[in-house]
Amino acid sequence: IQNILERANDESRAKSSRVLDAKARNLEKGANGGIVTKRCPFWIDFIDGKFVLNEHAKAVKKATELCFEMGFQLISKELNKESNARKYTDSSVGKFLHKPAIYGSFLAMKNDENGRRTIVNKEIKNYYPAIISESEFHRISAKLKERQDPKLAGRKAEEFKNVLRGLVFCACGSTLRYQAQKSMYVD
Numbered sequence: 020i021q022n023i024l025e026r027a028n029d030e031s032r033a034k035s036s037r038v039l040d041a042k043a044r045n046l047e048k049g050a051n052g053g054i055v056t057k058r059c060p061f062w063i064d065f066i067d068g069k070f071v072l073n074e075h076a077k078a079v080k081k082a083t084e085l086c087f088e089m090g091f092q093l094i095s096k097e098l099n100k101e102s103n104a105r106k107y108t109d110s111s112v113g114k115f116l117h118k119p120a121i122y123g124s125f126l127a128m129k130n131d132e133n134g135r136r137t138i139v140n141k142e143i144k145n146y147y148p149a150i151i152s153e154s155e156f157h158r159i160s161a162k163l164k165e166r167q168d169p170k171l172a173g174r175k176a177e178e179f180k181n182v183l184r185g186l187v188f189c190a191c192g193s194t195l196r197y198q199a200q201k202s203m204y205v206d
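As numbered in the working numbering, residues 20 to 206 make up the sequence shown, in order.
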């Protein structure tokens, strides 16, 4: 039984080594203008050996324009009012606005020992077709980061003024929020 376990462990180590080597070769190929992977964001298709923008790119572009005045919920509602082939949620809007693929970059990621995604290699610029410029992406990122400040976060409803906004916090550090559906405060 010991020999079987040792052989299985050696085989697993050899497979792991081959996979890591193949990924490194693909990243090197991508840095030299080749294709790393055919998988791409939902607003890009891989057709005839090239990446091209598809029908979703227009909605993503609109979301990048709206994110300076609106939050993720309102952006998703606005996009869903139009006749898009996809239904957008506040979560999906938040995810694609944070992706460097919007300005054409590819980042190879892997999970570290704690399960968090980390960058494996430097970014490959101009890998995908860009929807916005890199400087515009960094402006959007700064705006989204600014909104994470508890004093500025959240929707500013006209019909309800929360006098405790930015003043009252839960023990965990999150802000106190009012839920209109339940007419009560929640943390």
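Glycine included, every Cβ here is placed at the ideal spot set by N, Cα and C.
Start-to-end residues for the alpha helix (DSSP H) that takes in residue i
| i | result |
| --- | --- |
| LYS100 | 91 to 100 |
| ALA161 | 153 to 165 |
Minimum C-alpha distance to residue i - residue among the options
| i | options | result |
| --- | --- | --- |
| SER95 | THR108, SER102 and PHE87 | THR108 |
| ASN99 | LYS77, GLU25, ILE138 and GLU142 | LYS77 |
| GLU101 | CYS86, GLU47, GLU74 and LYS164 | GLU74 |
| GLU47 | ALA127, LEU24, LEU186 and PHE61 | ALA127 |
| GLU88 | PRO60, GLN21, LEU163 and CYS59 | LEU163 |
| TRP62 | GLY53, TYR122 and CYS189 | TYR122 |
Length of the line joining the Cα atoms of residue i and residue j
| i | j | result |
| --- | --- | --- |
| ASN28 | VAL55 | 29 Å |
| VAL71 | LEU24 | 48 Å |
| TYR204 | CYS189 | With a pLDDT of 49 at TYR204, under the threshold of 50, the modelled position of that residue is not reliable, and the figure given next carries that caveat. Approximately 11 Å, taken between the alpha carbons. |
| HIS117 | LYS57 | 21 Å |
| GLU132 | ARG32 | 17 Å |
| GLY53 | ASP67 | 14 Å |
| ASN45 | ILE138 | 15 Å |
| ASP40 | LYS114 | 30 Å |
| ILE20 | SER36 | 24 Å |
Cutoff 6 Å; reference residue i; Cβ partners in own chain excluding five residues on either side
| i | result |
| --- | --- |
| ALA82 | ILE94 and VAL112 |
| GLU80 | Before going on, a small fix: residue 80 reads as Lys here, not Glu. Excluding residues within five positions, the ones whose Cβ falls inside 6 Å are ILE150. |
Beta-carbon proximity list for residue i, same chain, < 8 Å, skipping 5 on both sides
| i | result |
| --- | --- |
| LEU85 | LEU93, ILE94 and GLU97 |
| CYS59 | PHE65, PHE70, ALA120 and TYR147 |
Same chain, Cβ closer than 7 Å to residue i, five either side skipped, listed in chain order
| i | result |
| --- | --- |
| ALA50 | ILE143 |
| ASN130 | ARG136 |
| PHE125 | GLY49, VAL55, GLU142, ILE143, TYR146 and TYR147 |
| SER64 | According to the sequence displayed, residue 64 carries Asp and not Ser. Around ASP64: VAL71 and ASN73. |
| ILE159 | THR83, CYS86 and LEU116 |
Query - Continuous alpha helix (DSSP H) assignments of at least 4 residues falling wholly in the segment 95 to 146 - result: If only complete runs of 4 or more residues are kept, the segment 95 to 146 shows the alpha helix (DSSP H) at 109 to 116, in order along the chain.
**Report entry** Whole runs of the alpha helix (DSSP H) within the segment 27 to 99, excluding any shorter than 4 residues
**Finding:** Those alpha helix (DSSP H) runs which fall completely within the segment 27 to 99 and span 4+ residues are 76 to 85.
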